[in-house]
Amino acid sequence: MPGTTLFSDIRITLHTRVAARLWQAHPTGMLLCLALLRRLLRAEEADDPWAAHWLKQLRIRLNLIAHLLKQKNRRLDHAFASLPGAIHTTQV
1 MPGTTLFSDI RITLHTRVAA RLWQAHPTGM LLCLALLRRL LRAEEADDPW
51 AAHWLKQLRI RLNLIAHLLK QKNRRLDHAF ASLPGAIHTT QV
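The sequence shown: position 78 = 78 (the UniProt record's numbering), numbered continuously.
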């Protein structure tokens with residue numbers, strides 16, 4: 001939505017060692033991605049229709065990824081629930 005931007009803190013939490021390694025292995029890539037996102041947000045604030053379009057596309061993709069991750073988590077929860085009682089799992 002052009003002209004409507006949330007001005008809150010952005011926090012990124014890495015929950016796995018793989019994610020942490022990816023972040024640390026490619027800091028330039030991550031920093032560039034965040035810089036481009038910041039540029040898009042500023043352009044959207046200035047009512048740039050292309051920025052609004054690409055941010056909308058990004059939101060669609062992020063929502064899709066969130067949905068797919070929830071599905072995968074449900075499948076994993078189901079798989080862990082069916083483990084024999086002698087096998088114990090913990091959450092980190």
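Cβ coordinates follow ideal geometry from the N, Cα and C atoms, glycine included.
Cβ neighbour criterion (16 or more within 10 Å) applied to residue i
{"i": "Leu55", "result": "buried"}
Coarse secondary structure for residue i, derived from DSSP in three states
{"i": "Ala20", "result": "helix"}
{"i": "Ala46", "result": "coil"}
{"i": "His15", "result": "coil"}
{"i": "Leu83", "result": "coil"}
{"i": "His88", "result": "coil"}
Contact under 8 Å by Cβ, residue i with residue j
{"i": "Ala52", "j": "Glu44", "result": "yes"}
Neighbour flag for residue i against chain C, beta carbons, 8 Å
{"i": "Leu58", "result": "Of the protein chains in this structure there is only one, and it is not chain C."}
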